[in-house]
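Inspection log for the structure reproduced underneath, given as structure tokens.
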Amino acid sequence: MRKFSFLLSRRWVLFFVVVILLSWLAWVLGEWQFHRLEDRKDRNEVIERNVHADPVPVEDVLAPDEPVPNSAQWKKVRATGTYDVADTIIVRYRTRDGASGVDVLVPLVPREGPALLVDRGWMSTGNSGTSSAADVPAPPSGEVTITGWVRQDATGDSTKVSAQSTRAISSTRIAEALDIGAYRGFVDLETETPEPAESLERAELPDTGNGPHFFYGLQWWFFGVLAIVGFIWMAVDEYRGKTHARSRRKPARKPARKTSQKPARKPVR
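In terms of UniProt numbering, the sequence shown has 11 at position 11, counting the first letter as 1, and numbering is strictly consecutive.
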């Protein structure tokens, strides 16, 4: 063990502590990525189940005074009412395939009960990047039956409504700006009957892949193991260097002198 006593020096002790901390951090980050993978799988399971299910009445899923639960995200619903074109909201800064555009949000007002905010789809704005309600294709007139997917409200400053436009959809902010009663959350349109003269591009369904979390987790764990292996390799290299230096400093032994033996004298007769 005395051969490795250099590991008790201040430099090597600090080096060891740093390696342990880095390995621990890599382990924690790897665990975090695997937890994110499990969350992603749970989310995808909910989405897959909801997206392909038969539509249910909107009042069975949404409420005007309760936020949309995670379990209802992307659930398919149906509703009947009349589009309130005068209260159209333009959702700015939406891009698809590198093209700038807007989403068009219109309240669907039933005969009774709260309005349902319907994102009717996306429209390219070309180089202008902005548009107004007067520029978008008109929805079907009269009573309309729609099906679509439930979405949760956005949060933050981007949900501010100004001049009937916003950057992100919040049903509470929009209902307040329009002075209407509305369900919490909104719906991405799938179908509407009757069909309009000119349709918008429908909402894109979410990606249900597992993402890169599994490989990110393995990478972090690999970095942790690499730090420990690197420390061991450097310690062994240091030991070999010191051993080699000691062997070079040790003086070479001189060969022992051979004592010459004189031949024995013959006795004189």
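Beta carbons: idealized from backbone N, C-alpha and C, even for Gly.
key: Simplified DSSP assignment, three categories, for R111   = Numbered from 1 along the sequence shown, position 111 holds the residue referred to as residue 111. In this structure, DSSP gives R111 a state outside helix and strand, which the three-state scheme calls coil.
query = So is M123 buried or exposed if we call it buried at 16+ other beta carbons inside 10 Å?
reply = Taking the first residue of the sequence shown as position 1, residue 123 is located at position 123. Per the 10 Å Cβ criterion, buried.
Residue range of the unbroken beta strand (DSSP E) whose run includes V76 = Locating residue 76 in the sequence shown gives position 76, counting from the first residue. It is Lys, not Val, that sits at residue 76 in the sequence shown. Where K76 is concerned, the enclosing beta strand (DSSP E) stretches over K76 to Y83.
ask   = For E48, which residues of its own chain have a beta-carbon under 7 Å away from its beta-carbon, when the five flanking residues on both sides are left out?
value = Numbered from its first residue, the sequence shown carries residue 48 at position 48. Counting only residues of its own chain and dropping the five nearest sequence neighbours on each side, E48 has a CB closer than 7 Å to the CB of T208.
Pair within 8 Å by beta-carbon distance, D153 and P212 = Looking up residue 153 in the sequence shown gives position 153. Looking up residue 212 in the sequence shown gives position 212. Contact flag unset, no.
task = Verify whether the separation of the beta carbon atoms of V161 and V61 is less than 8 Å.
result = Reading the sequence shown from its first residue, position 161 is the one you call residue 161. Reading the sequence shown from its first residue, position 61 is the one you call residue 61. In this structure, V61 does not lie closer than 8 Å to V161 by Cβ.
Helix, strand or coil at L189 [DSSP, three-state] = Indexing the sequence shown from 1 puts residue 189 at position 189. Reduced to three states, the DSSP call for L189 is strand.
inquiry  = Let me check one thing: in DSSP terms, what residues is E143 bridge-paired to?
reply    = Residue mapping note: residue 143 aligns to position 143 of the sequence shown, counting from 1. E143 is bridged to T82.
query = Leaving out the 5 sequence neighbours to the left and right, which residues in its chain are closer than 7 Å to V229 when beta-carbon positions are compared?
reply = The residue you call residue 229 lines up with position 229 of the sequence shown. A distance below 7 Å between beta-carbons, with the five flanking residues on each side excluded, links V229 to no residue of its chain.
key: Identity of the residue in A203, V104 and W233 nearest T166 by Cα   = By one-based count along the sequence shown, residue 166 stands at place 166. If we check each option's Cα against that of T166, V104 comes out closest.
inquiry  = Please classify T155 as buried or exposed, where buried requires at least 16 neighbouring CB atoms within 10 angstroms.
reply    = Start at 1 with the first residue of the sequence shown, and residue 155 comes out as number 155. Burial call: exposed.
inquiry  = Less than 8 Å between the C-beta atoms of G148 and L117, yes or no?
reply    = Counting from one through the sequence shown, the residue named residue 148 turns up at place 148. Counting from one through the sequence shown, the residue named residue 117 turns up at place 117. Their beta carbons are not under 8 Å apart, which means G148 does not touch L117 by this criterion.
request  = Report buried or exposed for residue 281, applying the criterion of at least 16 other Cβ atoms within 10 angstroms of its Cβ.
outcome  = The requested residue 281 does not occur in the structure, where the chain is confined to residues 1 to 269.
message = Below 8 Å on the Cβ atoms is my contact criterion, and I expect P57 with R78 to pass it. Report the Cβ-Cβ distance as a whole number of Å.
response = Walking along the sequence shown from the start, residue 57 turns up at place 57. Walking along the sequence shown from the start, residue 78 turns up at place 78. Contact between P57 and R78 holds, with the beta-carbon distance rounding to 6 Å and staying under 8 Å.
inquiry  = Just to confirm, is the Cβ distance from N210 to L37 under 8 Å?
reply    = In the sequence shown, counting from the first residue as 1, residue 210 sits at position 210. In the sequence shown, counting from the first residue as 1, residue 37 sits at position 37. Using a Cβ distance threshold of 8 Å, N210 and L37 count as a contacting pair.
ask   = How many angstroms separate the CA atom of G121 from the CA atom of R202?
value = Along the sequence shown, one-based indexing puts residue 121 at 121. Along the sequence shown, one-based indexing puts residue 202 at 202. Their backbone Cα atoms lie some 5 Å apart in a straight line.
message = If we require 4 or more residues per run, which alpha helix (DSSP H) segments fall completely within the region 177-241?
response = If one requires a minimum length of 4 residues, no alpha helix (DSSP H) run lies completely within the region 177-241.
key: D135 (DSSP reduced to helix, strand or coil)   = In the sequence shown, residue 135 corresponds to position 135, counting from 1. Residue state, collapsed to three classes: helix.
key: the region 94-101 touching the region 175-188, judged by at least three CB pairs closer than 8 Å   = No: the two stretches stay apart, fewer than three of their Cβ pairs being nearer than 8 Å.
ask   = Are the CB atoms of S71 and V51 nearer to each other than 8 Å?
value = Within the sequence shown, numbered from 1, the residue matching residue 71 stands at position 71. Within the sequence shown, numbered from 1, the residue matching residue 51 stands at position 51. With respect to V51, S71 sits apart: the two C-beta atoms are not nearer than 8 Å.
task = Indicate whether A163 and S171 have their beta-carbon atoms separated by less than 8 Å.
result = In the sequence shown, counting from the first residue as 1, residue 163 sits at position 163. In the sequence shown, counting from the first residue as 1, residue 171 sits at position 171. The answer is no: Cβ separation not under 8 Å.
ask   = Between L14, T80 and V17, which lies nearest to residue 275 when the distance is taken from Cα to Cα?
value = Any question about residue 275 goes unanswered here, given that the chain covers just 1 to 269.
Contact set for D87: own chain, Cβ-Cβ below 6 Å, skip 5 residues either direction = Within the sequence shown, the letter at position 87 stands for residue 87. Around D87: P107 and L178.
key: Backbone secondary structure at V150 - three-state DSSP   = As a first step, residue 150 is located in the sequence shown; it is residue number 150 there, counting from the start. The answer is strand: DSSP assigns V150 an E or B state.
ask   = Which residues does DSSP pair with G121 in a beta bridge?
value = As a position in the sequence shown, residue 121 is number 121, starting the count at 1. Beta-bridge pairing by DSSP links G121 to V104.
query = With DSSP run on the structure shown, which of helix, strand or coil describes L62?
reply = As a position in the sequence shown, residue 62 is number 62, starting the count at 1. If DSSP states are grouped into helix, strand and coil, L62 belongs with coil.
inquiry  = Excluding the 5 residues flanking F34 on each side, which residues of the same chain have their C-beta closer than 6 Å to its C-beta?
reply    = What you label residue 34 is simply residue 34 of the sequence shown in a count that begins at 1. Cβ within range, chain order: G217.
message = Please state the DSSP three-state secondary structure of R96.
response = What you label residue 96 is simply residue 96 of the sequence shown in a count that begins at 1. The answer is strand: DSSP assigns R96 an E or B state.
request  = Check whether the Cβ atoms of L200 and P137 lie closer than 8 Å to each other.
outcome  = In the sequence shown, counting from the first residue as 1, residue 200 sits at position 200. In the sequence shown, counting from the first residue as 1, residue 137 sits at position 137. Yes; because the gap between Cβ atoms is below 8 Å, this pair is in contact.
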